[in-house]
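**Q** Have a look at this one before I ask anything.
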DNA sequence: AGCGTATGGTTAATCGATTAACCAGATAAT
DNA sequence: ATTATCTGGTTAATCGATTAACCATACGCT
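Residue numbers (the working numbering), protein chains in the order written: chain A, 1 to 372; chain B, 1001 to 1372.
In structure tokens:
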């Protein structure tokens, strides 16, 4: 049934070349302008004629030519998505959310990978521009400032980054996990970051620290530095930390939390009985590992919606006043390059799972080995 | 320096509307046809004039209009990538490889998420077609057959799927891990799949079984069924399996291997001393968990290259003979819809890491609890 | 001198959709 | 009765790049 339909469609489409507006027009003895008006609903066409045109259109299997439309209107209805490093495990969520939001707004998403490199990022952006995208969503690498391009840009990083359009409130997220652990009675923390130059990670860690009162001890390690010095596969030396009294380890990503978790488990340290572990981002594996990871979830769908909406608003807006910016007078702001959204930050949600729990006092017997 | 250049470019671009070929042409007193010929290197233009035109072009910050070109040539230089479920953790690798391969071939990648649903997949495909893509790369959902569309399609699934263009040799991969474990002395296996309807997973498991001689016991469980019956967070009951003699657990994905690994570790079962665990796909976390996961890696870059190359070949080819297919005589094959590549399967690489090891005989004392 | 043939360009049509400007006929308003 | 307005369309220009067809001019060769 379904396949039948698809095949029938092709039958017609392949019969010669794909039909255009004038083909519909001549088939009905009207002008192509009328067809355009009828299908777009813009001009004045009688209701009955509209109906006839619609019918003929999908009888012929008409598909509007995006090239023709783009050429005429100057807009391609495609947005570019620039990612710092596609291999980022968070990327699927981002891409999915952006694609859905864009699709709802009638736009397509062209992707570009900047491979974490700043110059590659520049190249990626110009490739997208050449392809005629109407706007860009950029997840910037570290503190990269986006140069002046010829189209609106939405930046998704973190609220503390200047020029940020919209993002999760990473600071608040950090505060939430930290407070959760403090409430459980933890007083000695190890905070685990990866890249000390990352705005997002600094915000997350900053948020965590903000939740610590006097009387709480903590230390921070940055994995990138550590791993560069000691090699990728090195142990993080967590056992010593635990022996020295750490009871809670909070990482800036589930990826690192997982590393921590498995290292502890291999050493026979019980999570969460002896040590609580938390991550960030609610990556795909987080709910299904044992113990499931307590983490902080970001509402990527909402962030994407806000970013895309801001972008689309600016794009449609620039239609009305095409040349508001002269090169002579750059009135302070760089010609509305990076768009703004309201709200510009989206709350993060704490997901309490099994890897965090109340502190178990030293006199409580700790089981070794089998739990069953 | 770099930023200077970018800004200077904008300065000009923003000065009014972006320049086109005729602007360059009139600035130099030549015809726009000559400019086109000069920049494309196709027609006959004197070397010096070519040089002058080139210079003027990037002096004015000329960027060719992809819409104009697409309209005229009938080709957009954009390919669509249809993914079964973007949230698939393997997706970053796929997208990155495809983007790189396409970019090298001068194409852009437009993404579409089919959210695992078959009807959504159909919609996603038509959205891409409407956007004017020249071809499609489809990572199909389960055994989906791709209906007849108006453009060439490369299917990346598994060699046993009819119509498959190119993919990893999942069967061989399965055989490789299994043989590895057999060589280590394992004789009692638990094979862990997720979706019993997945061609890829069936091939992987089929490959594993093919490596088992007589005298090897194995059982297979499918998580989707299990989890649907008992709930997402359920224990997989691995402890019982181990008690019953299983010494090696092989999953069809690192995601499931990780689930297995952490469940075992939590129960105090040592990996790999008591049980070996292996996965598939070499996901981002696999090398950094403890113990690092033995897995099977696929050369996604090569697969992407082959798929894109096959697609591009067909696209360029159809340029020369535009209407080889009449709707009347469909000569057996469905008008070269899904393209073919040579080779059509790419070898998988076994990554031996720390989660697999030689069997430790029952008389060897097994440590409980702390290893240090 | 006369013919063929490179060389280096130009002219003009074309791809498909959109839209400003215009127009005929009917109806309403003064 | 005459002008204004509304309805339902049509005409033709336009977006920007490409390319087939054409046209000078110069050069080589007999």
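We treat Cβ as the ideally placed atom computed from N, Cα and C, and that holds for glycine.
Give the DSSP-derived three-state secondary structure of residue 1202 of chain B in the structure shown.
**A** DSSP places residue 1202 of chain B in helix when its eight states are reduced to three.
**Q** Would you mind stating whether residue 1280 of chain B and residue 1296 of chain B have Cβ atoms separated by less than 8 Å?
**A** In this structure, residue 1296 of chain B lies closer than 8 Å to residue 1280 of chain B by Cβ.
**Q** Closer than 7 Å by beta-carbon distance: list the chain A residues that pair up with residue 944 of chain B, in chain order.
**A** Absent from the model: residue 944 of chain B. The displayed extent of chain B is 1001 to 1372, so no value can be given.
**Q** Under 8 Å between C-beta atoms, does residue 300 of chain A make it to chain B?
**A** Closer than 8 Å: no.
**Q** Using Cβ-Cβ distances below 7 Å, what residues of the stretch 259 to 280 of chain A are close to chain B?
**A** For the stretch 259 to 280 of chain A, which is checked against every Cβ of chain B, the residues closer than 7 Å are 259, 262, 263, 265, 266, 267, 268.
**Q** State the start and end residues of the unbroken beta strand (DSSP E) segment that holds residue 1189 of chain B.
**A** Segment 1188 to 1193, the beta strand (DSSP E) holding residue 1189 of chain B.
**Q** Which value, in whole angstroms, describes the spacing of the CA atoms of residue 1283 of chain B and residue 108 of chain A?
**A** Spanning the two alpha carbons is a distance of roughly 28 Å.
**Q** Quick one: does residue 311 of chain A have its CB under 8 Å from some CB of chain B?
**A** It does not; no Cβ of chain B falls within 8 Å.
**Q** Please confirm whether residue 113 of chain A has its beta-carbon closer than 8 Å to some beta-carbon of chain B.
**A** Yes - at least one Cβ of chain B is within 8 Å of the one on residue 113 of chain A.
**Q** Let's see if you can read the secondary structure: which residues bound the alpha helix (DSSP H) around residue 224 of chain A?
**A** Per DSSP, residue 224 of chain A belongs to the alpha helix (DSSP H) from 223 to 230.
**Q** Just to check my reading of the structure: residue 357 of chain A and residue 276 of chain A have Cβ atoms closer than 8 Å, yes? What is that Cβ distance to the nearest angstrom?
**A** So it is a contact: roughly 6 Å between Cβ atoms.
**Q** So which residues on chain B does residue 88 of chain A lean against when the C-beta distance must stay under 8 Å?
**A** In chain order: 1092.
**Q** For residue 180 of chain A, does the count of other Cβ atoms within 10 angstroms reach 16, so buried, or fall short, so exposed?
**A** Residue 180 of chain A comes out buried.
**Q** Which whole runs of the beta strand (DSSP E) in the stretch 78 to 146 of chain A are 3 residues long or more, in chain order?
**A** Complete beta strand (DSSP E) runs here, min 3: 78 to 83, 108 to 113, 135 to 138.
**Q** Skipping 5 residues on each side, what residues in its chain have a beta carbon closer than 6 Å to that of residue 354 of chain A?
**A** Once the five neighbours on either side are set aside, the close Cβ partners of residue 354 of chain A are 291, 292.
**Q** Please tell me whether residue 303 of chain A has its Cβ less than 8 Å away from any Cβ of chain B.
**A** Taking Cβ atoms only, chain B never reaches closer than 8 Å to residue 303 of chain A, which makes this a no.
**Q** Counting only beta-carbon separations shorter than 8 Å, does residue 1251 of chain B have a partner in chain A?
**A** Answer no: the Cβ-Cβ gap between residue 1251 of chain B and chain A never drops below 8 Å.
**Q** Counting only Cβ pairs nearer than 8 Å, list the residues of chain A close to residue 1292 of chain B.
**A** Near residue 1292 of chain B (Cβ distances below 8 Å), the residues of chain A are 233.
**Q** Is residue 1073 of chain B helix, strand or coil by DSSP?
**A** In this structure, residue 1073 of chain B counts as helix in the three-state DSSP scheme.
**Q** Rounded to whole angstroms, what's the CA-CA distance from residue 271 of chain A to residue 265 of chain A? Just pull it up for me.
**A** So the two alpha carbons sit approximately 7 Å from each other.
**Q** As a quick exercise: from B:1114, B:1193, B:1123, pick the residue whose alpha carbon is nearest that of residue 1140 of chain B.
**A** It is B:1114 whose Cα lies nearest to the Cα of residue 1140 of chain B.
**Q** Expressed to the nearest angstrom, what Euclidean distance is found between the alpha-carbon atoms of residue 1134 of chain B and residue 1241 of chain B?
**A** Residue 1134 of chain B and residue 1241 of chain B: Cα-Cα distance of roughly 51 Å.
**Q** Closest Cβ-Cβ distance between residue 131 of chain A and chain B: below 8 Å?
**A** Chain B, which has a Cβ nearer than 8 Å to the Cβ of residue 131 of chain A, makes this yes.
**Q** Would you check if the distance between the CB atom of residue 1256 of chain B and the CB atom of residue 1218 of chain B is smaller than 8 Å?
**A** Result no, Cβ atoms of residue 1256 of chain B and residue 1218 of chain B do not sit closer than 8 Å.
**Q** Is the stretch 1045 to 1055 of chain B touching the stretch 47 to 67 of chain A in the sense that three or more CB pairs, one from each, lie closer than 8 Å?
**A** They do not touch, by the three-pair rule.
**Q** Would you kindly work out how many angstroms separate the C-alpha atoms of residue 81 of chain A and residue 1315 of chain B, rounded to a whole number?
**A** Distance between the alpha carbons of residue 81 of chain A and residue 1315 of chain B is about 25 Å.
**Q** Determine the burial state of residue 152 of chain A: buried for a count of at least 16 other Cβ atoms within 10 Å of its Cβ, exposed for fewer.
**A** Buried.
**Q** Using alpha carbons as the reference points, say which of B:1299, B:1239, B:1096 lies closest to residue 1274 of chain B.
**A** With distances taken between Cα atoms, residue 1274 of chain B lies closest to B:1239.
**Q** Which chain B residues sit within Cβ distance under 8 Å of residue 65 of chain A?
**A** Within 8 Å Cβ-Cβ: 1071, 1132.
**Q** Are any of the Cβ atoms in chain B nearer than 8 Å to that of residue 96 of chain A?
**A** Closer than 8 Å: yes.
**Q** In the DSSP assignment, what residue or residues form a beta bridge with residue 1373 of chain B?
**A** For chain B, the structure presents residues 1001 to 1372; residue 1373 of chain B sits outside this window and is missing.
**Q** Take the Cβ of residue 1019 of chain B as the centre, count every other Cβ of all protein chains shown within 10 Å, and call the residue buried at 16 or more, exposed below.
**A** So residue 1019 of chain B counts as buried.
**Q** Provide the residue span of the beta strand (DSSP E) that contains residue 1249 of chain B, from first to last.
**A** Start and end: 1248 to 1251.
**Q** What does residue 1284 of chain B touch in chain A if you count any residue whose Cβ is under 9 Å from its own?
**A** Those are 87, 88, 89, 255, listed as they occur along chain A.
**Q** Could you pull the start and end residues of the alpha helix (DSSP H) that residue 1161 of chain B belongs to?
**A** Neither: residue 1161 of chain B is in no alpha helix (DSSP H) and is coded neither H nor E.
**Q** Check the C-beta distance from residue 173 of chain A over to residue 204 of chain A and give it rounded, since I have them as a contact under 8 Å.
**A** With 8 Å as the limit, residue 173 of chain A and residue 204 of chain A qualify as a contact, their Cβ atoms being about 6 Å apart.
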